[in-house]
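In this note's numbering, the protein residues as written are 396 to 475.
So this is what it looks like as structure tokens:
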């Protein structure tokens with residue numbers, strides 16, 4: 396998939412995307428694959444009654460194409 400299209404879809408869904416640095420594990424993985432991709436991290440927050448959820452999507456692209464990715468949701472809840 397084209398990285399610009401992927402970012403456009405995420406931004407339409409309320410995400411904000413920016414360049415990000417690689418973790419040591421990510422760098423090692425892509426070095427082993429003989430790749431040198433770019434990393435974009437997209438983030439959005441949604442609020443509920445007692446929780447705020449932060450959604451993160453990492454896109455790894457090379458030559459304008461998405462070559463890998465992952466998503467994570469981190470809930471932060473307040474209980475009284």
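Just so you know, even glycine gets a beta-carbon here, dropped at the ideal spot from N, CA and C.
Which one or two residues does DSSP pair with residue i in a beta bridge?
i           : result
residue 433 : 456
residue 471 : 447
I'd like the list of long-range same chain contacts for residue i, defined as Cβ closer than 7 Å, with 5 residues on each side in sequence excluded.
i           : result
residue 476 : Here the chain has residues from 396 to 475 only, and residue 476 is not among them.
residue 432 : 425, 455, 456, 457 and 462
residue 409 : 439
residue 430 : 457 and 462
Quick one: what's got a C-beta closer than 8 Å to residue i's C-beta in the same chain, skipping five residues either side?
i           : result
residue 459 : 397, 398 and 399
residue 416 : 434
Excluding the 5 residues flanking residue i on each side, which residues of the same chain have their C-beta closer than 6 Å to its C-beta?
i           : result
residue 449 : 440 and 469
residue 472 : 445 and 446
residue 474 : none
Tell me, to the nearest whole angstrom, how far the beta carbon of residue i is from that of residue j; I am working on the premise that it is less than 8 Å.
i           : j           : result
residue 454 : residue 401 : 6 Å
Query raised in the report: Whole beta strand (DSSP E) runs in the segment 399-453 with 3 or more residues, listed along the chain?
Result: Entirely contained in the segment 399-453, the beta strand (DSSP E) runs reaching 3 residues are, in chain order, 411-414 and 433-442.
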